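In this text, residue positions in the sequence shown follow this note's numbering: the first is 5, and each later residue adds one.
Please read the structure below before turning to the comments.
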Amino acid sequence: MSEESSTWYKDAVFYELYIRAFADGNGDGKGDFAGLTARLDYLQELGVDCIWLLPMYGSPLLDDGYDIADFYAIHPDYGTLADFCTFIAAAHARGLRVIVDLVLNHTSDQHPWFQASRRCQEPYTDYYVWSKTGQEYANARIIFLDSEPSNWTFDPLRGEYYWHRFFFHQPDLNYDNPAVQAEMLRVMRYWLDLGIDGFRADAVPYLFERAGTNCENLPETHAFLRRVRAVADTEYPGKILLAEANQWPEDVRPYFGGDPVDPCLPGDEFNLGFHFPVMPRLYMALRQHDRSAIVDILQRTPPIPGNCQWCTFLRNHDELTLEMVTEEERQYLWREYAPEPRMRLNLGIRRRLAPLVDNDRRRIELLNSLLFTLPGSPIIYYGDEIGMGDNIWLPDRNGVRTPMQWDDGPNAGFSTSPAESLYAPVITAPPYDYACINVAAQRADPGSLLHTIRHFIQVRKLHPVFGRGDLCFLLGPPRPVLAFLRSYGGATLLALHNLSDGRQSCALDLSAFIGQVPCDLLNDATLPAIGAGPYAVELPAYGYRWLGI
Ligand code: GLC
5 MSEESSTWYK DAVFYELYIR AFADGNGDGK GDFAGLTARL DYLQELGVDC IWLLPMYGSP
65 LLDDGYDIAD FYAIHPDYGT LADFCTFIAA AHARGLRVIV DLVLNHTSDQ HPWFQASRRC
125 QEPYTDYYVW SKTGQEYANA RIIFLDSEPS NWTFDPLRGE YYWHRFFFHQ PDLNYDNPAV
185 QAEMLRVMRY WLDLGIDGFR ADAVPYLFER AGTNCENLPE THAFLRRVRA VADTEYPGKI
245 LLAEANQWPE DVRPYFGGDP VDPCLPGDEF NLGFHFPVMP RLYMALRQHD RSAIVDILQR
305 TPPIPGNCQW CTFLRNHDEL TLEMVTEEER QYLWREYAPE PRMRLNLGIR RRLAPLVDND
365 RRRIELLNSL LFTLPGSPII YYGDEIGMGD NIWLPDRNGV RTPMQWDDGP NAGFSTSPAE
425 SLYAPVITAP PYDYACINVA AQRADPGSLL HTIRHFIQVR KLHPVFGRGD LCFLLGPPRP
485 VLAFLRSYGG ATLLALHNLS DGRQSCALDL SAFIGQVPCD LLNDATLPAI GAGPYAVELP
545 AYGYRWLGI
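Below is the structure:
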């Protein structure tokens, strides 16, 4: 296998998909594997490489499946294990890879391990983190601030407190117990044996607890995660692991493993890690008409080993997290992007991409262009490729998890069930109503957002520089312009973005490329040859260009 094909994920475009929301195959009002399998042609046509599935396990669904009661079952709402296997085979037959969520940190309180642990039944007594006082680890922050007053909850049955970093009904597993470690490796092997291509590993910073620390990113946690990787690499070569670690770049860097000083040595922890801090800064730079926030965070991002890759995103199934910004920046982003209290949740904003930018096609495209040209593998959140809206009147994060809008027929083509049986209402309020925003309409319209995103994907696939190129900012143009070069294997991409609502003229120093003739990768137009003086390019309001040099 060549170096490039063994690191396919560096060139990949990911598609994050909520099974419940995507397509209902049996008419019960909830999405399922049969529905999803029948819609795979759409994803193939869109051109994405890898699907990331939100949890599909046995669960009381109090956290949409991140509260797992049976790691070995498919949730009956989604179908059977056979339906899951049919889906995997159908995806692979189309050249699509599939990764699934692996929730290592916690289970549902309905999990039989927790029920046994509450009763001190062996061998489960120490499967969770128990305390007589509930006073330990006071330095650990609370993540679900709007619903949880503490990381400890008292269990009257055992007469002790149990530890949980998320909802009270999601007790944290005790990784100091070797039996827990063995159980979770077994879970991992089970799904890899069924042919999936890897995992998005949920909430990995919190596996271990130690007194006097904030209980995040501990050396013990990294040691276990490297064990996870070793199992994957030895027993399932070619499978990938993607880390969800919502941390500052220097704290995410160790999740790639390898040598902290020498980036030439290969990573041995995660193949991929989300770049959380860059995401809110894309929105900030856009609102401030100033590239500084993006430049600063990427200049602060340490290099990662050559076999690793960042994953970037604009939105996902959670609130748009504002944990990795300063208090002042958070207040600014809340004010600008979440003026109504209902738009806010915990330390974030529960809105989708299109409503965040007032359904302004230019800004939606600009943000996507940044996503596609900056370093990292982009992840598209289902529905954002057609500019779906949200429903802030639904609780928790449900407002960004509404049914996929396929066409203007009943239930947006999502389900044949009566409307009142849908797991969540389809969006009917203009301008995001499904009669207006849907796949069928955008498929038929060559000028639609769907076609633009498809085109971005196609162009990206033709040029390895997008996934593999290094990054060099050109800071000569005015601050509303984000200009950067990406270079790989003799090819160079010059990406230009105008973050402002006015025209911008850039005079670029391209003296390293004198004599070259840039080509616009998005429309194949040829630009004037690069001469000795500054190279002039005009950008319309929120304009962007991808130039190959
Ligand atoms: C991750 C998931 C989120 C979930 C939480 C607890 O942050 O993205 O949806 O609620 O973990 O499992």
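Glycine included, each C-beta is placed from N, C-alpha and C at the ideal position.
Every value quoted in this text rests on a predicted model; they were computed, and no experiment measured them.
Nearer than 8 Å: is that true of the beta carbon of S248 relative to any heavy atom of ligand 1? In the sequence as presented, Ser is not what sits at residue 248; that position holds Glu. E248 Cβ: within cutoff of ligand 1.
The beta strand (DSSP E) with I244 in it runs from where to where? I244 to A247
Can you look up F171 in the DSSP assignment and give me helix, strand or coil? coil
Contact under 9 Å by Cβ, D105 with W56: yes
Tell me whether the stretch 68-82 and the stretch 109-124 touch, counting them as touching only if at least three CB pairs, one residue from each stretch, are closer than 8 Å. yes
From the DSSP output, in three-state form, read off S419 for me. coil
What are the partner residues of V102, as DSSP defines its beta bridges? I55
Any heavy atom of ligand 1 within a distance shorter than 8 Å of the CB on R490? no
Apart from the five residues just before and just after L189, which ones in its own chain have a Cβ nearer than 6 Å to its Cβ? V235
Can you tell me where the alpha helix (DSSP H) holding Q292 begins and where it ends? V282 to Q292
Kindly indicate which residue of C124, A433, P468 and A536 has the alpha-carbon position closest to the one of G552. P468
Going by alpha carbons, who is nearest to A227 out of D180, I244 and L196? D180
For Q508, count neighbouring C-beta atoms within 10 Å of its own C-beta (all shown protein chains included) and say buried if the count is 16 or more, exposed if not. buried
Buried or exposed (CB count within 10 angstroms, at least 16 for buried), R304: exposed
Under 8 Å Cβ to Cβ from T137, same chain only, skipping five residues before and after it: list those, please. Y165
Just the C-alpha distance for R231 and Y13, rounded to the nearest angstrom, thanks. 21 Å
Since Y259 and F274 are thought to touch, with beta carbons under 8 Å apart, how far apart are those beta carbons, to the nearest angstrom? 5 Å
Compute the minimum distance between the beta carbon of A207 and the heavy atoms of ligand 1, and state whether it is under 8 Å. yes
Out of G547, F91, L514 and L108, which has the shortest C-alpha to C-alpha gap to H501? G547
Under the assumption that G387 contacts N363 (Cβ atoms under 8 Å), give the Cβ distance between them as a whole number of angstroms. Their Cβ separation, rounded to whole angstroms, is 14 Å, which puts G387 and N363 out of contact at 8 Å.
Take G352 as the anchor and find which of Y341, L108 and P532 has the nearest alpha-carbon. Y341
Contact between the stretch 183-198 and the stretch 151-171: three or more CB pairs below 8 Å? no
Residue nearest to A533 in terms of C-alpha spacing, selected from V521, L543 and L526: V521
Please specify which runs of the beta strand (DSSP E), each continuous and at least 3 residues long, are wholly inside the stretch 181-228, giving them in chain order. 202-206
Rounded to a whole number of angstroms, what is the C-alpha to C-alpha distance between W167 and N178? 9 Å
Quick check for students: name the residue ranges of the alpha helix (DSSP H) that lie wholly in the stretch 301-372, counting only runs of 4 or more. 331-341 and 357-360
Contact between the stretch 136-155 and the stretch 342-361 (3+ Cβ pairs under 8 Å): yes
Identify the continuous beta strand (DSSP E) that holds F477 and give its terminal residues. C476 to L478
What are the boundary residues of the beta strand (DSSP E) that includes R490? V485 to Y492
CA nearest to the CA of I147, picked from N155, E140 and Y141: N155
Our contact map puts V102 next to A94 with C-beta atoms below 8 Å; I'd like the distance itself, whole angstroms only. Not quite, the Cβ-Cβ distance comes to about 10 Å (not below 8 Å), so this is no contact.
Per DSSP, what kind of secondary structure is A97 in: helix, strand or coil? helix
For P270, which residues from the same chain have a beta carbon less than 6 Å from its beta carbon, with the 5 sequence-adjacent residues on both sides left out? G262, P309 and N311
Looking only at its own chain, which residues have a Cβ that is under 8 Å from the Cβ of P264, when we skip the five neighbours before and after it? R257 and P258
Pairwise C-alpha distance: A511 and C523: 17 Å
T11 - partner residues in DSSP beta bridges: Note: T11 sits in no beta bridge, so no partner.
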